[in-house]
Structure formats: C-alpha cells, structure tokens
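Everything on this sheet refers to the single structure shown next.
Numbering (the numbering used here), first residue to last: 19 to 536.
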C-alpha cells in the first residue's frame, strides 16, 4: 500500500511563505547548517508527568519527503509564486537551487534527517529529529520545517492516549483482580479507551495519523481508516485494532420502542459483545424499565451487553448504568472488594477527556464497582482538541559551519520567555543510566554510550538510499517500545546535562554583549 496525498499540490509549496525567501537571508558563506525539533514542555504543562510519546515521522517521510520533486512540480510552483508577494508580485524563492536539485540530485530534497525510533518515550528538550544540509544546499536546512513540525499532532495524540491509559491502569491496580501490580496490565486494559474521533477530524488524513497514534496504546477504535493503515501499511497485515457491533440513535428510534430495538440487537449480536445507546428518549426510564424487559433475551444469548449513556453528566450517568446493571443482572465481589456486574458493563463516550475520565474512575471506585466494568470512548477530545501549543513543539537552527571552516553553535534565548530557549550545536541523544540525555555530538560521553539514538531516516544526498524505503519497525514493535519505556522511565527528568548547559551559558554570555557595530 502506498500513501498518496489527496490534494494535487506540488511539494515545493508544502512550507510557510516566509520559508521560501530564507535562502537569501541566511549568511551566503554557510557550508553546513543543522536544525532540530523538540517539545518544549509537557502535555498541557502538566507538573507531575513530563513523559512524551514520540510518533509520526514515518508517515511524513513516506508520504511527502522520500519522493522525487519534479520539473513539472517546479513549473507549477513558479507559476503560483509569480503573484504571491505583496501586491501580487513575484515572491522570492530558491528556483535555481531547485532546478539544480532536479537536474543533479534526481529531484530528492538534499538534506539528511535523523529521528528517534517511533514510539520512543522522551521528555521536553530531547531532540526528536535533526536536519543537516551541506554545501550549496546548506541554506535549505529549514525549508522542510513546516512539514516535519507536524509530528506535534500524532505525538500529542499518542501522549494523551498514553496518559489516559496510565490513569485507567492505576484504577485497575486498585480495583481489578489479576492485573500487574505495577503497570495494571490485564487482558481488558487495552480495550478501555475506544477511539470515536473519525467524524470529528478535519480530514481523512488527520484521522489516519491521529487514529494510528492512539492505537499505540489501545486496541479499541471505530476510526477504520487508521486501523487499516496501522494493520496493512505498518504491521505486515497483522491486526492491531478491533471494535464491536453497537446501536446508535437512528437504530433505536427506527423501532416502535426501545425495548424492541434492544431485543433485536441482542438477538443479532447478543452471543458476543454488543453495545446499546440508552438515552434516545429517557435514560432513567430505559435503565429502570427497558433493561429489565430484555433480561431474558440477554441471558439466553449469554454474551456481554455494554450500556452507553450519550447525554447528561458523564460521571452521574455512568454510576446510574452500573447500578441498573447490578440490579438487573447481579454482580460478583472480587478479591479486592469491588463489585463486577454479571455480563454487563458501561461505555461512556460523551464529553470524555483526560480530566472527566479520571473523575469517572474515582466515582466508580467510590460507588464500590471495579473499573473493569467501565470503558471510555473519546472522539474530539482525543483526535481534535490538541494543538502545537499543547506541548509547544518547535524546530530551531543550532549549528553553522562557514566555507572558511569557522563553526558556530547557535541558539534562541528570548529574555521575555526562557521556556523558548533552544539548544546549541550538533546534538546527540544517548541513554545514560537508562535515561535519555542530550549531549553535544562530539562530547566523549556520546561515543562511550554507543553513539546517538537519532538514526538517519532520510538521506536525500545519497543515491544509494534516496527513494528507497527505510526499514521502519513494525507497529507491534513500536507498541512494545512505548509500553516498555513508559514504565521504565520516571515521570519527571531533566535530559539536559551540565556540558550542554555550560555551552548554553557561554553562548548567552557571548551574544548578549553588544558587538562593535551595534
């Protein structure tokens, strides 16, 4: 399967307007430039957990970057930019460099991109990718920044999904028999958060990218496009996701009564797992009257019924459903002293985010029920209500080498916002005492610890590799990496060691002193 952009856009326009003119603004004597990408703070600036699940580089490399950019693409771009400057005048862009790229570099963008393995768990200020451009191509180093920065989205979804799993797992440890006492691992855990976000996305591509990010942590999803992509494009056809038959309001209201609709759903799918929405008319009445009326049908089928509230207060409606299930079908008290309704549970998919999820879990426990009786569905809260500021992603220039051999480590240091301070130099990510650390690439510690974990995922200057598929880890392997690293790493960690901090201080000291021509 090949991923194809849905819009017929020449790849040269997949950038910000101001990037087009930067080739003329960088020092003309540059011979090599390096930039890197990092998350600058934790998810929504969470003070207690700074871990970040990195994901999404594969899609960008395969779909947009490891492709030949053609003369026809350039002609379309030139036609467009002829009127793009203020006053509908020609906009400056590196057309001669691009012509050279097409003629002498086979149309591949002439940079090298390194990235951490998909699914790596890192912290703010750990470089997740690094771009290097050399020779006549040096001033194109940040042209791809706009595209590459888009890893903020799948990484934000993967991190949100993982944080949600962590909260559910903690509740499992307290209330569910047979789970791992540290991780909460249990046969039911991976189905506790279901992706309902497809229809809330801005595009099919967003659903694929964000939906597959969620699947790093859970198996439940109704975002079929993402499930297909993860299975057949990323996992050699091995399944990664599942769902269950479920009613919606159109099903319930198409029958003369809710009882008839629910009885039919049970008749068709009641031997397995089936979900039924319960609030098309009167949620309380459905729980008190309709549910007991179909008890015999449900018991005869012998499967598992999932009750779904879809309006009202999310916490209250879940507790109401558990009480009703307990009353109609009875429950068992597990070894931890929590009730588990017989053959029936609840899924709350309305109004769920990482905060309401935790509130529901607390209420369920307080009511005396095991959290295995509750699942969650998250739609817009999962795939839509994040943005680049959720973890403040940025790409920054960090190194220049001039044609005369002079090297400069550079960084951004705004006095008005120290949180935007960037890292200087060519960078390496190493694991020191099993913790990710960022060192200058030439620091002895890097070689001592086996070299940087940033790996080349695209080299547009190498005829032997450009255009050829990179050997990405399977989706299953990426999942395993997330699971292992999340629980191995502490919630909070400073990945910037003293050698790099010392370099930052020296650059700040040097460049905050006005030069002679100021």
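Ideal placement from N, C-alpha and C gives every residue a C-beta, glycine not left out. Given the structure is predicted, the values throughout are model-derived calculations rather than measurements.
Helix or strand or just coil, what does DSSP make of residue i?
| i | result |
| --- | --- |
| residue 19 | Since pLDDT at residue 19 reaches only 40, below the 50 mark, its modelled position is unreliable, and no value is offered. |
| residue 64 | coil |
| residue 511 | coil |
| residue 178 | helix |
| residue 282 | helix |
| residue 71 | strand |
| residue 28 | coil |
| residue 219 | coil |
| residue 103 | strand |
| residue 183 | helix |
| residue 138 | coil |
| residue 193 | helix |
| residue 213 | strand |
| residue 58 | coil |
| residue 110 | coil |
| residue 486 | coil |
| residue 252 | coil |
| residue 231 | helix |
Only counting the same chain, and skipping five residues up and downstream in sequence, which positions put a Cβ closer than 6 Å to that of residue i?
| i | result |
| --- | --- |
| residue 19 | With a pLDDT of only 40 at residue 19, under 50, the local geometry of the prediction cannot be trusted, and the value read off the model is given with reservation. Taken in chain order, the residues that qualify are 250, 251. |
| residue 155 | 128 |
| residue 406 | 170 |
| residue 399 | 370, 371 |
| residue 99 | 109, 111 |
| residue 283 | 265, 292, 294 |
| residue 214 | 240, 367, 395, 397 |
| residue 133 | 75, 147, 475 |
| residue 50 | 152, 156, 419 |
| residue 514 | 143, 456 |
| residue 259 | 233, 237, 239, 245 |
| residue 202 | 187, 190, 191 |
| residue 521 | 442 |
How many whole angstroms separate the CB atoms of residue i and residue j, which I take to be in contact at a CB cut-off of 8 Å?
| i | j | result |
| --- | --- | --- |
| residue 204 | residue 239 | Residue 204 to residue 239, Cβ: 19 Å. No contact. |
| residue 228 | residue 401 | 4 Å |
| residue 385 | residue 340 | 7 Å |
| residue 73 | residue 148 | Actually they do not touch by this definition, with Cβ atoms about 17 Å apart. |
| residue 429 | residue 442 | 4 Å |
| residue 447 | residue 470 | 6 Å |
| residue 263 | residue 287 | 4 Å |
Nearest-angstrom Cα distance between residue i and residue j?
| i | j | result |
| --- | --- | --- |
| residue 488 | residue 476 | 8 Å |
| residue 289 | residue 140 | 43 Å |
| residue 354 | residue 436 | 48 Å |
| residue 408 | residue 174 | 7 Å |
| residue 90 | residue 40 | 23 Å |
| residue 236 | residue 146 | 23 Å |
| residue 144 | residue 135 | 13 Å |
| residue 230 | residue 248 | 6 Å |
| residue 481 | residue 77 | 22 Å |
| residue 183 | residue 59 | 20 Å |
| residue 119 | residue 71 | 35 Å |
| residue 364 | residue 222 | 29 Å |
| residue 518 | residue 452 | 19 Å |
| residue 158 | residue 151 | 7 Å |
| residue 245 | residue 261 | 10 Å |
| residue 225 | residue 243 | 7 Å |
| residue 67 | residue 317 | 44 Å |
| residue 464 | residue 102 | 46 Å |
| residue 424 | residue 161 | 23 Å |
| residue 411 | residue 65 | 17 Å |
| residue 130 | residue 168 | 18 Å |
| residue 388 | residue 285 | 28 Å |
| residue 445 | residue 44 | 21 Å |
| residue 281 | residue 34 | 56 Å |
Excluding the 5 residues flanking residue i on each side, which residues of the same chain have their C-beta closer than 8 Å to its C-beta?
| i | result |
| --- | --- |
| residue 350 | 357, 358, 360 |
| residue 82 | 23, 29, 32, 165 |
| residue 432 | 438, 439 |
| residue 336 | 327, 364, 366, 378, 381, 382, 392 |
| residue 329 | 297, 301, 335, 368 |
| residue 459 | 443, 444, 445, 446, 470 |
| residue 527 | none |
Among the residues of its own chain, which have a CB less than 7 Å from the CB of residue i, if the five just before and after it don't count?
| i | result |
| --- | --- |
| residue 178 | 61, 372, 400, 404 |
| residue 116 | 30, 92 |
| residue 269 | 279 |
| residue 333 | 377, 378, 381 |
| residue 95 | 28, 30, 31 |
Strictly by DSSP, which residues pair up with residue i?
| i | result |
| --- | --- |
| residue 267 | DSSP lists no partner for residue 267. |
| residue 120 | Partner(s): none; residue 120 has no beta bridge. |
| residue 420 | 48 |
| residue 412 | 56 |
The ligand HEM and residue i: does the residue's C-beta get closer than 6 Å to at least one heavy atom of that ligand?
| i | result |
| --- | --- |
| residue 264 | No copy of the ligand HEM appears in this structure; indeed no ligand is present at all. |
If you measure from the beta carbon of residue i to each beta carbon in chain B, is any gap under 7 Å?
| i | result |
| --- | --- |
| residue 310 | The displayed structure is made up of one protein chain only, and chain B is not part of it. |
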